[in-house]
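Q: Before we start, here is the structure in question, set down as structure tokens.
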Amino acid sequence: SRPSSAVDTPVHVDVAKEAEPLANFRESGINNLYAVAKPFKRTSEFMSTGRWKNLKQVIAQEQAKDWPIEFPTYWSIDAPPSLLPQKKYCDITGLPAKYTDPKTNVRYHSAEVYQIVKTLPPGSEQLYLALRNANIVLR
155 SRPSSAVDTP VHVDVAKEAE PLANFRESGI NNLYAVAKPF KRTSEFMSTG RWKNLKQVIA
215 QEQAKDWPIE FPTYWSIDAP PSLLPQKKYC DITGLPAKYT DPKTNVRYHS AEVYQIVKTL
275 PPGSEQLYLA LRNANIVLR
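Position in the sequence shown (first residue = 1) + 154 = my numbering.
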């Protein structure tokens, strides 16, 4: 059910506007399209002439340069501290810990692990905290 006016209306096409780009091309003076630069094509001027280097070559190249002492490289193990917060893991299972027991400070993963944390004998939570160097020794 199309309106009859849409079918009966003639479509006007401006032939002069469609021929305009072709006229501009003819006026530009370009006779050979192969001579025109095509940055979207892969040509030898855009392709890399180097080849891939393996890790041994990268390390040898870095060691040959004079780097500042505190600058991290592939061959130095020192790196600046991370800007991301430290990840927290469950003291019982080793899975990512979402929760911390406020009474004992033991981190746990889920409610099932919390049931285990509640049944721990007194003093054993200090052993779990000592594993991650978070134990508090009261004297």
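Backbone N, C-alpha and C define an ideal beta-carbon position, used for all residues, glycine too.
What's the C-alpha gap between T254 and K241?
A: The count along the sequence shown starts at 1 and reaches residue 254 at position 100. The count along the sequence shown starts at 1 and reaches residue 241 at position 87. Near 13 angstroms, if we compare the C-alpha coordinates of K241 and T254.
Q: Thinking V267 and T258 are a contact (beta carbons under 8 angstroms), I'd like their distance in whole angstroms, please.
A: Within the sequence shown, the letter at position 113 stands for residue 267. Within the sequence shown, the letter at position 104 stands for residue 258. Actually they do not touch by this definition, with Cβ atoms about 13 angstroms apart.
Q: Roughly how many whole angstroms lie between the Cα atoms of W206 and L283?
A: As a position in the sequence shown, residue 206 is number 52, starting the count at 1. As a position in the sequence shown, residue 283 is number 129, starting the count at 1. When rounded, the distance between both Cα atoms is 47 angstroms.
Q: Taking all protein chains shown into account, do 16 or more other C-beta atoms lie within 10 angstroms of the C-beta of L260, making it buried, or fewer, making it exposed?
A: What you label residue 260 is simply residue 106 of the sequence shown in a count that begins at 1. The amino acid at residue 260 is misidentified as Leu; the sequence shows Val. Under this definition V260 is a buried residue.
Q: Label D245 either buried or exposed according to how many other C-beta atoms from any shown protein chain fall within 10 Å of its C-beta, with 16 as the threshold for buried.
A: Residue numbering aside, residue 245 sits at position 91 when the sequence shown is read from its first letter. Classification for D245: buried.
Q: Where do the ends of the alpha helix (DSSP H) carrying E224 lie?
A: For the purposes of this step, residue 224 is taken as the residue at position 70 of the sequence shown. Here E224 belongs to no alpha helix (DSSP H), and DSSP marks it neither H nor E.
Q: Alpha carbon to alpha carbon, what distance is there between L238 and V212?
A: Against the sequence shown, residue 212 aligns to sequence position 58. Against the sequence shown, residue 238 aligns to sequence position 84. Straight-line Cα distance between these residues: approximately 28 angstroms.
Q: What residue range is occupied by the uninterrupted alpha helix (DSSP H) comprising V271?
A: Counting from 1 along the sequence shown, the entry for residue 271 is found at position 117. It spans A265 to K272 - the alpha helix (DSSP H) in which V271 sits, taken as one unbroken run.
Q: Return the bridge partner residues of P250 from the DSSP annotation.
A: Counting from 1 along the sequence shown, the entry for residue 250 is found at position 96. Its beta-bridge partners are Y243.
Q: Less than 8 angstroms between the beta carbons of T273 and H263, yes or no?
A: Translated into positions along the sequence shown, residue 273 becomes position 119. Translated into positions along the sequence shown, residue 263 becomes position 109. No, Cβ-Cβ distance for T273 and H263 is not below 8 angstroms.
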